[in-house]
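I have placed the structure first, in the form of structure tokens, so that the comments after it can refer back to it.
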Amino acid sequence: MINAIIKGITDSLQKEFENACEIVTEERGADLGRPCFHVSCLGSTEALFRGKRYFRKNQFCIQYFPTEGEGKKEECNEIADRLFSCLEQITAVEELVRGTDMKYEAVNDSVCFYVNYDMFLYKGCDTLPRMEELTEKISAKGR
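Here the sequence shown stands for residues 34 to 176, numbered as in the working numbering.
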């Protein structure tokens with residue numbers, strides 16, 4: 034599920050920024066081209082809700098590293114504003130998932146944008162139990 038959400042995030046970023054920025058999902062150290070996004074899952078929690086229904090909270094961080102030179106802070110602020118609308122809804126596993134608890138921080142001339150994609154999961158129930166076959170005979174009396 035996490036990989037499907039990451040794909041939904043990267044697809045949304047590519048659509049919003051029209052492939053103008055590199056998007057990475059693996060740690061690559063200092064060899065990142067700029068500008069670029071780094072997408073990572075910070076963690077997940079899961080709680081039993083009812084029956085075989087579980088509520089899972091998935092927290093993600095999308096880091097943006099601006100181009101080198103003047104105007105980094107302005108560029109970061111502009112990107113952060115666009116991320117709020119870009120990541121409000123993504124498509125993961127052919128369903129729309131809404132982002133919640135969105136916030137960003139400016140950290141060392143970059144943007145750290147945090148968003149949760151929370152959802153319900155069903156475990157251990159592939160199919161619902163089916164009714165047995167029922168037959169009934171009905172007759173009508175004439176007047």
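Beta carbons are placed, not taken as given, at the ideal position from N, Cα and C, and that holds for glycine.
Span of the alpha helix (DSSP H) holding residue i?
{"i": "G41", "result": "35-50"}
Any idea if residue i is buried or exposed, counting beta-carbon neighbours within 10 angstroms, 16 or more meaning buried?
{"i": "N91", "result": "buried"}
{"i": "I38", "result": "buried"}
{"i": "A125", "result": "buried"}
{"i": "G102", "result": "exposed"}
{"i": "A53", "result": "exposed"}
{"i": "A139", "result": "exposed"}
{"i": "F98", "result": "buried"}
{"i": "F70", "result": "buried"}
{"i": "E113", "result": "Note that residue 113 is Ala in the sequence shown here, rather than Glu. When all chains shown are included, A113 counts as buried."}
{"i": "L167", "result": "exposed"}
{"i": "I123", "result": "buried"}
{"i": "S118", "result": "exposed"}
With DSSP collapsed to three states, give me the class of residue i.
{"i": "A113", "result": "helix"}
{"i": "K174", "result": "coil"}
{"i": "E107", "result": "helix"}
Quick one: give me the first and last residue of the beta strand (DSSP E) that residue i is part of.
{"i": "K85", "result": "No beta strand (DSSP E) holds K85; DSSP gives it neither H nor E."}
{"i": "D134", "result": "128-140"}
{"i": "E55", "result": "55-57"}
Kindly identify the DSSP beta-bridge partner or partners of residue i.
{"i": "M152", "result": "R89"}
{"i": "A125", "result": "E128"}
{"i": "S143", "result": "V140"}
{"i": "T168", "result": "According to DSSP, which records beta bridges pairwise, T168 is partnered with nothing at all."}
{"i": "T78", "result": "K90"}
{"i": "S73", "result": "C94"}
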